[in-house]
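Working notes for the structure below.
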Amino acid sequence: MSFLRKSVHLLGSVARRQRHLKVIEGAISTAARDFSSKPSEDYANFPGAKAPFVSKLNLIQPEDYAPIPIYRVMDQDGYIADETQDPQLGREVVEKMFRDMVLLNTMDKILYESQRQGRISFYMTNFGEEASHIGSAAALEMRDLIYGQYREAGVLVWRGFRIDQFIDQCYGNTDDLGRGKQMPVHYGSRELNFVTISSPLSTQMPQAVGAAYAMKLRPNNDACVVCYFGEGAASEGDAHAAFNFAATLGCPAILFCRNNGFAISTPSHEQYKGDGIAGRGPMGYGITTIRVDGTDVFAVYNAMKAAREYVLKENKPVVFEALAYRVGHHSTSDDSTAYRPAEEIEIWNSVEHPISKLKRYMVHKGWFDETVENEYVKDIRKKVLKQIAVSEKKLKPNWREMFEGVYAEMPDHLIEQRSELEKHIEAHKEHYPLKDFEK
Amino acid sequence: MNIVSTQLGNSLYNCVRSNLRWPLWTRSHFTYYPTRMGTGKRMNMFNAINNAMDLALDENKSALLFGEDVGFGGVFRCSVNLRDKYGSQRVFNTPLCEQGIAGFAIGVANTGATAIAEIQFADYIFPSFDQIVNEAAKYRYRSGGLFDCGSLTFRVPCGAVGHGALYHSQSPEAYFAHTPGLRVVVPRGPIKAKGLILACIRDPNPCIVFEPKTLYRAAVEEVPAEYYTSQLGKADILRHGKDVTLIGWGTQVHVLLEVAEIAKSTLNIDCEVIDLVSILPWDAITICTSAKKTGRVIIAHEAPLTQGFGSELASYIQEKCFLHLEAPVKRVAGWDTPFPHVFEPFYMPDKHRCLSAINDIVNF
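Protein sequences appear in the order of chains A and B.
The first sequence begins at 1 in my numbering and counts up one residue at a time.
The second sequence begins at 1001 in my numbering and counts up one residue at a time.
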């Protein structure tokens, strides 16, 4: 008993030395307090949480908390609700936003079809999420490093990734920056500071946090890291790791969740029971959090601007949730009408579609010209179709490249295996598609 | 730079029994055979690792050291004093989450900064398996060389310790040896540990250093104080012999050195003892040269037999040295069970099992 008393006393004195903790002086009966009626200023001494005592048993219910509201600037009809929130973007910027969204949308439609025709092996469209890509990318600087999941091609469009680069990647031909090693839509660009996509979900999240930490330590750092992920991916353990590491280690990273309601066929109500992904930020991990309408390009833009400023000033992360709807199928291997009604999709593909909303805004501004727009779409279609024809005919990289890049330098056993394959192919040329590959 | 490996190639081995100096460790299943290195400071393995990381942090201002409980010095004292010296921004604790540590380390390395990440025990590396196998190992390949995480090194205490049971004893090197893109190395003592860690930190590929934790205190050597690296992908011939080739790594090397001595004195069999050092990529030339010379090979490791790294060595030797072999390649390994607590003495590929394997292979 005396030992216990001694340790309790010692623990108390240890805690008291930490000035950030409020200390209860003297023997105030905890039973005399009622936290619910009179918020206490005194915190208990437990190292694990800074909180007051309460003498009434109360199960904390999720319903006790109001959901985090969704920030929006523009309503369905393209009107700005609160003028103070108008980002006042010039006509040129808004037109670039619109055109980049249209470009992405048009390219998606054609590449989706070309997969259907068996010309490329796989594709994933971005329908319905164009605004969250373009709005967020527009608020960033090129030096900011991007980690993506796979449905963020709009960020690349905004940064200047060209149609031929997209399509060459999908074909894995000799002009693919990734050297034909990954599936279609696994883009990457050193030049545009966009880290190469990989299929395992959420793995990029703690990586983005680590990159942000390293960048923070650079003298006069003025670049942040943005990590995109879907609400399904946020269920992975790596998402938890990323949120917690970002908060505890103070990393200037924007953890950008594209909450589009579905992870393949799994609706979000089977993905989590809390208040979306944003709900995890402030109470769960102690991270400043923003939730926006992801179909409103200006809301995403404003929030991203604020998030970027915050993470760089504070060297702390931001959880950013953009709500939208995955209008397209999950991928070309999926038929989404098997698990959701076509009428629902139709609403999000028309009135609630990010491109339609921005179009309405531009109409009000007098910045929209139907014929110019039609010409633009036609032009993009032409360019994409032409590029498909070109990319399709390009040779694939030399098959020997299969052995390159495993290590920085090729180790002996890979040199040996490559020469084994060389000999084999020499003897059995007729069985391999050599004509499609560079010599 | 490569003073250790060049000297080691031909060096003689000090046969002083470490348990005479370290009575605490007489219970362990091995006798430590220090590597003689001329002049240096007496260090045990955790001192040498600490010294290596000190030099790495000093040399490279971008280098970061992190993991669970790394800040106060680490549960094995490997990072002691480093936070005081280099600041809490460069030497720090992470939350308790191995997949996070691995992912974070990859991200740090993506920016070109150097990441030295510690996984507290090899047994707990599995939550980070996805990050290491799917991400770290494939980063350069999948991006066509646009991005990589080559400036990343994992330090992972591994191996039997006498009483570690299931989750403080494992040797998971074979899981990682099946992953193209990784470097996996295992030091056998302080000098090698320092050289390998410094080499891995500099190496432009993601590396895993599995440190046999039973050696942290038990292994004492004269470690050169200066910066040096050990060659990666290179095996060390620790004892020359003509009758049987014994291959091991980590603590098992010391078991094999003792076995070779006993075999010489009691059976008059000359064993060649090779420390494989690098599990991936591994030194096929040294191994095959020795196998062709002796015609008899025994591979010993603590990890379970089935699909242990011994299987890879055995099949490769069989394929490349078939006409030189006088007997089937023999593997002496942990049993195909989880690593047990009270049964550890019966589980280990100890000197008696290795010795009886020598007997069998010579009389085949």
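C-beta atoms are modelled at their ideal positions from N, C-alpha and C, and glycine is treated no differently.
Computed from a predicted model, the values in this text were never measured in an experiment.
Check	Outcome
Quick one, which of B:Thr1111, B:Tyr1033, B:Met1053, B:Ile1106 has its alpha-carbon nearest A:Asn221's?	B:Thr1111
Classify B:Phe1147: buried if its beta carbon has 16 or more other beta carbons within 10 angstroms, exposed otherwise.	buried
Is the Cβ of A:Ala214 closer than 8 Å to any Cβ of chain B?	yes
Determine the chain A residues that contact B:Ile1106 at a beta-carbon separation under 7 Å, and present them in chain order.	Gln207, Gly210
Taking the alpha-carbon positions, what's the A:Lys6 to A:Ile287 distance?	Note that A:Lys6 has pLDDT 39, beneath the 50 cutoff, so the model's placement of it is unreliable and the number below is only indicative. So the two alpha carbons sit approximately 37 Å from each other.
Taking CB distances under 8 Å as the criterion, tell me whether A:Gln182 reaches chain B.	yes
Mapping the DSSP letters down to three states, classify B:Leu1012 as helix, strand or coil.	Interpretation of B:Leu1012 is limited by its pLDDT of 32, a score under 50 that renders its predicted location unreliable; no figure is taken from the coordinates.
For A:Thr445, which beta-bridge partners are listed by DSSP?	No information on residue 445 of chain A is available, as it lies outside the stretch 1 to 439 that chain A covers here.
Quick check on B:Asp1123: does DSSP put it in helix, strand or coil?	helix
Can you tell which of B:Val1332, B:Ile1285, B:Leu1065 has the C-alpha that lies nearest to the C-alpha of B:Asn1093?	B:Leu1065
In the structure shown, what three-state DSSP assignment does A:Glu314 receive?	helix
Could you have a look at A:Gly78 and say whether DSSP puts it in helix, strand or coil?	coil
Taking C-beta pairs closer than 7 Å, name the residues in chain C that B:Ser1143 reaches, listed in chain order.	No chain C is part of this structure, whose protein chains are labelled A and B.
In the DSSP assignment, find the beta strand (DSSP E) that holds B:Ser1278 and state where it starts and stops.	1278-1280
Have a look at the DSSP bridge pairing and note the partners of B:Pro1304.	B:Gly1334
On the CB-based measure, 16 or more other CB atoms within 10 Å of its CB, does B:Val1342 come out buried or exposed?	exposed
Tell me the rounded alpha-carbon separation between B:Thr1214 and B:Tyr1033.	14 Å
A:Lys316 and A:Gly250 - do their beta-carbons sit closer together than 8 Å?	yes
8 Å is my cut-off, CB to CB: does A:Gly174 come that close to chain B?	At residue 174 of chain A the sequence reads Thr, which differs from the Gly that was named. Output row for A:Thr174: interface = no.
Is it true that the segment 400-414 of chain A meets the segment 1272-1292 of chain B, where meeting means three or more beta-carbon pairs spaced less than 8 Å apart?	yes
Secondary structure at A:Ser55, three-state DSSP: helix, strand or coil?	coil
Starting from B:Glu1211, follow the beta strand (DSSP E) in both directions and report where the run begins and ends.	1207-1212
Considering only the alpha carbon of each residue, which of A:Val54, A:Glu83, A:Leu103 lies closest to A:Arg381?	A:Leu103
Report the residues of the segment 399-425 of chain A with a CB closer than 9 Å to any CB of chain B, ordered along the chain.	Glu401, Glu404, Gly405, Val406, Tyr407, Ala408, Glu409, Pro411, Asp412, His413, Leu414, Glu416
Which bits of chain A does B:Asn1134 rub up against, with CB to CB less than 9 Å?	Ser198, Ser199, Pro200, Thr203
Relative to the C-alpha of A:Asn260, which residue among A:Gly90, A:Lys181, A:Phe298, A:Ala324 is closest?	A:Ala324
With 8 Å set as the bound, which would you pick, yes or no: does the beta-carbon of A:Thr125 sit closer than that to a beta-carbon of chain B?	no
Who does B:Glu1222 pair with in a DSSP beta bridge?	B:Arg1042
For the segment 248-263 of chain A, which residues have a beta carbon sitting closer than 8 Å to at least one beta carbon of chain B?	Thr248, Leu249
On the DSSP letters alone, give me the boundaries of the alpha helix (DSSP H) that A:Asp168 sits inside.	163-171
Whole angstroms is fine: what's the gap from A:Ser419's alpha carbon to A:Lys435's?	20 Å
Return the Cβ separation of B:Thr1153 and B:Cys1207 in integer angstroms, given the expectation that the two are a contact with Cβ distance under 8 Å.	5 Å
Kindly indicate which three-state DSSP category B:Pro1157 falls into: helix, strand or coil?	strand
Taking just the CA atoms, how far does B:Arg1239 sit from B:Leu1257?	8 Å
Chain B partners of A:Asn220, CB-CB under 7 Å?	Simply none; closest approach about 15 Å.
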